[in-house]
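**Student:**
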Amino acid sequence: MRWENRRTIWSVLHITSLPSVQILLRVAGVVIRWFIYPPAPTCCGTEINTSGLRMRIQELDQQVQEQQKEYDAQSQWCLQLNQQMQERTEWAQRLEQRIHELDTRIEELQKEYRGFENELQLRTEWAERLNQEVADRDQRLVKLQAEFDERTAWALRLNEELKINQDRLERIKQSKLFQISQTLGFLPKD
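In the numbering used here, the protein residues as written are 1044 to 1233.
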């Protein structure tokens, strides 16, 4: 690349009869000042040794080129860092998006879970009511069974008494007194 395309401008601001030369160097927007002190004037004291000044300018030019190379290397490194940072930022944004999606899904699942939990609570209460009803029916059934057993025993006793009374009645009907009373009409006719 040419030197001018690097956005580097350097110039000699002024060369005076003073014993120093001020050079203003601008590299990527940063201003660097150098003061150059040329060799002492020649024998007359009025001329400045321009060959020494030219050599110093060439040295400075070489330093500027070296600094420009260093700047370019650092710029390249910065560009790589920026690229990495951009890639990592995109990666982090994708992760944030995924986390947001997962958070949304977790919220949905929690709502669903709460719905299932409520339904389970309702069904548990319903099952407990049914269990209570079954327990109440079992108690009623036990009472009815006891009553049935009692009535069965009572009916069996009545049957026994009925048999005894039927046997008595049969003996009475077969007795001679009954037969005579029936024949004489002392007994009502069924």
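For each residue, glycine too, the CB sits at the ideal point set by N, CA and C.
Quick caveat, the model's predicted, so the values are computed rather than measured.
1) Locate the alpha helix (DSSP H) running through S1224, then write down its first and last residues.
2) With burial defined as no fewer than 16 other Cβ atoms inside 10 Å of the residue's Cβ, what is the status of Q1117: buried or exposed?
3) Roughly how many angstroms separate the alpha carbons of I1192 and N1202, rounded to a whole number?
4) With DSSP as the reference, label K1206 as helix, strand or coil.
5) Going by DSSP in three states, K1112 sits in which element: helix, strand or coil?
**Tutor:** In terms of the structure at hand:
1) That run of the alpha helix (DSSP H) goes K1219 to L1227.
2) Flag for Q1117 reads exposed.
3) Sequence check: residue 1192 is Asp here, not Ile. If you take the alpha carbons of D1192 and N1202, they lie about 15 Å apart.
4) helix
5) helix
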